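Numbering (this note's numbering), first residue to last: 217 to 396. Built from N, CA and C at the ideal position, the CB exists for glycine as well. The structure presented is a predicted model; accordingly, all values stated were derived computationally and were not measured. Beneath this line is the structure, given in structure tokens, with notes to follow.
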């Protein structure tokens, strides 16, 4: 593996592939090995890219952390024979991303894009659901969802008033799925 030392370009972000569900174990075990063997000068940081997903069912919101790239762990390290060997032999690691046994570092732009934590909203409401409006000007009305915005923050609900159907735009946090 002496060609690994030749490709050493200082600390860079590398991607290690793991067995599914082993990402946290790999991170924990690697942190212990770094501390026990004094490898802080070679391996600087370990990240598991995650995002916070806000699941919304009307007014009830729940935050859930989700892995952006399941089965992958990002490691900022100086690539040497020693650091390669340590990471490669952690239980659960199947190898580095790159051709054969040559790990390819991420570019600075790729690393920055991956490491930025994102927040997304997932709405567990769908077109056709019957909902109650629980907040805002139309509180107390109910209707059928006709449309949901792309970002999931607004919905168009068709409500019946005075014998006529009327589309009403509301925020998804202002409506709840009608109990059946």
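- Of the residues 235, 319, 393 and 389, the one whose Cα lies closest to the Cα of residue 360 is 393.
- Judged by their CB atoms, residue 289 and residue 234 are nearer to each other than the 7 Å cut-off.
- Check the Cα spacing between residue 355 and each of 369, 225 and 389: the tightest is with 389.
- Rounded to whole angstroms, the Cβ separation of residue 264 and residue 291 is 10 Å, and the two are not in contact under 8 Å.
- Taking every protein chain shown into account, the CB of residue 315 has fewer than 16 other CB atoms within 10 angstroms, so this residue is exposed.
- Note: residue 233 is bridge-paired with 288 and 311 in the DSSP secondary-structure output.
- Nearest neighbour of residue 228 by Cα position, chosen from 343, 382, 387 and 328, turns out to be 328.
- Taken through DSSP and simplified to helix, strand or coil, residue 363 comes out as strand.
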